[in-house]
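Written out below as structure tokens is the structure these notes cover.
In this note's numbering, the protein residues as written are 844 to 1143.
As structure tokens, this is what we get:
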């Protein structure tokens, strides 16, 4: 079906719009990711979905379309793998997603990070990794136990990067911003670490993870990043075969202690991460707890 027919269904406003089936959503997203539609049509799709909101079946269809188009990452056989999306970056707090990645790698896991800048004013994980002199991603080899690799989104799917870039023009999120936090870019089975920013996305993302039987943990991340807030322990849930299990409750009460954190700048964050990894500074308690939650989920 042409994209204009889908736009007529989803573009009738919050009360008049009709939800697409999973198959229709996959067809629509496939046309967008294949870059066979105009910029005007992509903009109309993004704005219509922003007003309507995505159902779990629509999100599952969008994921179906993305997964068949991704340039998948090879992981060594029998190596437990964790997928760590990183798209929001640092606005007020340092982006500690690279620290979480290296803490997980120290546990013998293969860690596949992926991301791209979505806002000009934020410091990204990629910038922090560059400040740590982290090697660039090498597609010619398999990801091994103890590895941390960062894959730019455009290497996974150019059309997905284009869809994310729409935010720079219109200033609003679109389904791609949830899609990248729900997809598995690896050939092998992996545990996805997914995060949300606002409570309504906690519901929609949980529904999608359950519907798609994605193996994942879900938490309210730090400024949208899939890493626990170093100041306060968030709730962390596991999704295994469509079933939700609580791994950690949210920390209650008032904060009595604030950890020493660096500024948000890439060099300062990289220096802090190196000091933690070398044992010169403590691992923030919430990140240590998140690592243990990941290990528990992998054992389930």
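Note that CB positions come from ideal geometry on N, CA and C, so glycine has one too. This one's a predicted model, so the numbers in the text were calculated from it and none came from an experiment.
Status (buried if at least 16 other CB within 10 Å, exposed otherwise) for residue i
| i | result |
| --- | --- |
| residue 1101 | exposed |
| residue 945 | buried |
| residue 1170 | No answer is possible for residue 1170: the residues shown for the chain start at 844 and end at 1143. |
| residue 1118 | exposed |
| residue 1073 | buried |
| residue 1028 | buried |
| residue 897 | buried |
| residue 1047 | buried |
| residue 927 | buried |
| residue 974 | buried |
| residue 947 | buried |
| residue 962 | exposed |
Limits of the unbroken alpha helix (DSSP H) element including residue i
| i | result |
| --- | --- |
| residue 853 | 846–853 |
| residue 886 | 882–895 |
| residue 874 | 865–876 |
| residue 1042 | 1042–1055 |
| residue 906 | 899–910 |
Through-space distance from residue j to residue i, alpha-carbon basis
| i | j | result |
| --- | --- | --- |
| residue 873 | residue 922 | 31 Å |
| residue 1058 | residue 1067 | 20 Å |
| residue 989 | residue 1140 | 18 Å |
Candidates the options, of which the one nearest residue i by Cα
| i | options | result |
| --- | --- | --- |
| residue 869 | 902, 858, 881 | 902 |
| residue 1111 | 936, 956, 929 | 936 |
| residue 995 | 1037, 1095, 1115, 960 | 960 |
| residue 1012 | 861, 886, 845 | 886 |
| residue 1003 | 969, 910, 1107 | 910 |
| residue 1113 | 982, 1025, 966, 1007 | 966 |
Delimiting residues of the beta strand (DSSP E) encompassing residue i
| i | result |
| --- | --- |
| residue 924 | 924–928 |
| residue 957 | 953–958 |
| residue 1038 | 1034–1039 |
| residue 1088 | 1086–1091 |
Q) Counting pairs of Cβ atoms below 8 Å between the segment 928–942 and the segment 892–908, do you hit three or more? A) no
Q: For the segment 971–980 and the segment 1005–1022, state whether three or more C-beta atom pairs, one from each stretch, are separated by less than 8 Å.
A: no
Q. Are three or more beta carbon pairs between the segment 1037–1044 and the segment 1062–1070 nearer than 8 Å?
A. yes
(Q) Check whether the segment 1080–1099 and the segment 1124–1139 touch, using three or more Cβ-Cβ pairs below 8 Å as the test. (A) yes
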